[in-house]
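Visitor: Numbering follows my numbering, with no gaps: position 258 of the sequence shown is 320.
Where is the CB? At the ideal position from N, CA and C, for every residue including glycine.
Before I ask anything, let me first share the structure, which is written out below as structure tokens.
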Amino acid sequence: MDEIKISILGMGYVGLTSGMAYAKHGFKTVCTDAIASKIENLNKGIPPFYEPELEDLVNNMVNKGMLSGSTDNIEAIRDSDVTFICVGTPPLPDGSADLTAVKDTAKDIGTVLKDKNEYHVVVTKSTIVPGTTEDLVLPIVEKYSNKKAGQDFGLCMNPEFLRQGQAVHDSLYPDRIVIGEFDKKSGDVLERIYSGYDCPKMRCEIKVAELIKYAANSLLATKITLANEFSRISEKFNIDVYEVMKGVGMDFRINPMFLGAGCGFGGSCFPKDVKAIVALSKKIGVETPLLDAVLYTNELQPMHFVDIIKDTVGNLDGKTIAFLGLSFKPDTDDTRETRALPIIEKLYQEGAHVKAYDPKAYYKFKPLTDLPIEYMKSWKDALKNADFAVVQSDWQEIKDIKPEDYKTLLKNPIVIDGRRSYNPHDLIKNGITYRAIGWKNLDD
Ligand SMILES: NC(=O)c1ccc[n+]([C@@H]2O[C@H](COP(=O)([O-])OP(=O)(O)OC[C@H]3O[C@@H](n4cnc5c(N)ncnc54)[C@H](O)[C@@H]3O)[C@@H](O)[C@H]2O)c1
């Protein structure tokens, strides 16, 4: 294997940003997807989702011939030396991960390896619970290829830690790389791919790599949840939870990240991954009271936010609300598990009407609900003649709204902030009634 060629199966947030990074590090990379329109666009240099700075980099790599798209898994695997499985692993109703796409791609890989003489390394990058690579992917590839892992082909698990909204930075400059290896030869190939990445690398057993991803996401979800729980305690003392968490985060053992209280965590990873590890633990007879509580608190928090809204403005019946931010967090168009959905559903149950604005996520949020939400083209249109404003995700564009704009466009100068998007004092001194999760009620 002189020059390593890479194929990536599944061109979502993980597949495409990783593919772009491998291409930038000098590896010819083909990304495949089951959705033809995504591939057509990729080959024109257009990514299928929004992520800051991604479009220019993708365009550049496509123009240089280092990155391309295909709908043909078989051909892409055949023409490469290393295949990364990056398909989605969405949650099933019992919380466990749906592994259909992982199985399908493993079958495609086995089918190709049957007639391929060159050594090929199979890498699972999708988030999968311990045992999935060796007990599911390996037997499928062996069955369809009639070959043996560790002998005829290599096998690794390489969990992905990128943050949506910062996916370009994280895939080019990860803070660590974990290589779970079936055998040394497989791991050596992956280490070669990552030789140009300047960060600590950890090599371990495949199951360890799989579990690291769940433990990391569970810890981050727990940190956020702790801040959320303390936001409710802080409110009772009429103190600012952000001030409390600033003091907490100054401890080097803790650090200030993921201590911002808000209306709960969403996205395609934390909720799904915590549910999946809880579901697996139940199956293997391990109790998870801490993670059960994390999931429970995360459902309470959006409802608590609605309580803050009601405390501030009273009865919501007949009220029109300017709702700012639909994505699960800023700088992404991803709306999977966004807290905007349970909040808006509850606002409608209370008789309110919502005029919503998001810089990028409108088209992914709209299919999630049939509620008669008015989707506005700008935050100005959302604010115009609304009774008050609610902020759910703190895009920079939303953080840049001036107190004057709130005052002139809203019927009542009231801002209720689910993400601490503003310095409360700036709004208050400009005559705005400001409420937020974990913030002091200065009217008391
Ligand atoms: N999104 C994140 O921030 C993130 C971070 C770390 C890990 N992960 C994990 O990585 C995996 C992928 O996540 P994502 O957010 O990129 O998913 P995604 O849903 O955005 O993308 C998955 C893609 O796979 C494609 N696909 C499905 N079946 C296929 C097949 N048989 N052949 C080719 N393509 C196929 C889908 O069409 C889709 O475009 C998941 O397991 C996720 O948990 C995600």
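By the 10 Å Cβ neighbour count, where 16 or more other Cβ atoms means buried, how is C295 classified, buried or exposed?
Guide: Looking at the sequence provided, one finds Ile at residue 295 rather than Cys. Counting Cβ neighbours within 10 Å, I295 comes out exposed, since fewer than 16 surround it.
Visitor: Do you know how far the Cα of Y484 is from the Cα of F450?
Guide: So the alpha carbons of these two residues sit roughly 16 Å apart.
Visitor: One question on the structure: do F327 and I286 come within less than 8 Å of each other, judged by their Cβ atoms?
Guide: A contact, by the Cβ cut-off of 8 Å.
Visitor: Give the DSSP bridge partners of Y437, in chain order.
Guide: Looking at the DSSP assignment, Y437 forms a beta bridge with A418.
Visitor: How is the beta strand (DSSP E) around M219 delimited, first residue to last?
Guide: Element bounds for M219: G216 to M219.
Visitor: Residue ranges of each beta strand (DSSP E) run of no fewer than 3 residues wholly in the stretch 170-220, ordered along the chain?
Guide: Qualifying beta strand (DSSP E) stretches, in chain order: 183-186 and 216-219.
Visitor: Tell me whether C325, by its Cβ, gets closer than 7 Å to a heavy atom of ligand 1.
Guide: No, Cβ of C325 sits at least 7 Å from all heavy atoms of ligand 1.
Visitor: What is the rounded straight-line gap between the Cα of L78 and the Cα of G150?
Guide: Their Cα atoms are separated by approximately 13 Å.
Visitor: Give me the Cα-Cα distance between A278 and R398, rounded to the nearest whole angstrom.
Guide: Going by the C-alpha atoms only, they are around 20 Å apart.
Visitor: Between which residues of its own chain and D506 is the CB-CB distance below 7 Å, once the five residues before and five after are set aside?
Guide: For D506, the predicted model reports a pLDDT of 49, less than 50, meaning its position is unreliable; a value from the coordinates is still stated below. Cβ within range, chain order: N300.
Visitor: Starting from F385, follow its DSSP beta bridges and name the residues at the other end.
Guide: Paired residues: A418 and V452.
Visitor: Could you have a look at I101 and say whether DSSP puts it in helix, strand or coil?
Guide: Residue state, collapsed to three classes: helix.
Visitor: Does the separation of the CB atoms of D396 and S330 fall below 8 Å?
Guide: Yes, the Cβ-Cβ distance between D396 and S330 is below 8 Å.
Visitor: Tell me which residues share the same chain as I476 and place their Cβ nearer than 6 Å to its Cβ, disregarding the 5 neighbours each side in the sequence.
Guide: Here the set comprises F450 and T495.
Visitor: Is Y75 a contact residue of ligand 1, with contact defined as CB to any heavy atom under 7 Å?
Guide: Yes, the beta carbon of Y75 sits closer than 7 Å to at least one heavy atom of ligand 1.
Visitor: Considering Cα atoms alone, identify which of D232, D245, G249 and I268 is closest to D260.
Guide: For the residues D232, D245, G249 and I268, the minimum Cα distance to D260 belongs to D232.
Visitor: Using DSSP with H/G/I as helix, E/B as strand and the rest coil, what is V240?
Guide: If DSSP states are grouped into helix, strand and coil, V240 belongs with the strands.
Visitor: Please report how far the alpha carbon of E65 lies from the alpha carbon of V251, in whole angstroms.
Guide: Roughly 11 Å separates the two Cα atoms.
Visitor: Quick check: the stretch 337-347 against the stretch 360-379, are at least 3 beta-carbon pairs closer than 8 Å?
Guide: Touching, no, given that fewer than three Cβ pairs across the two stretches are closer than 8 Å.
Visitor: Assign L388 to buried or exposed, taking buried as 16 or more other Cβ atoms, counted over all protein chains shown, within 10 Å of its Cβ.
Guide: Result: buried.
Visitor: For ligand 1, any of its heavy atoms closer than 7 Å to the Cβ of Q226?
Guide: At least one heavy atom of ligand 1 is nearer than 7 Å to the Cβ of Q226, so yes.
Visitor: Consult DSSP for D506 and reduce its assignment to one of helix, strand or coil.
Guide: Because the pLDDT of D506 is 49, which lies under 50, any placement of that residue in the model is unreliable, and the number read from its coordinates should be weighed accordingly. Correct three-state label for D506: coil.
Visitor: I need the boundaries of the beta strand (DSSP E) containing I68, first residue and last residue.
Guide: Counting along the chain, the beta strand (DSSP E) containing I68 begins and ends at I68 to L71.
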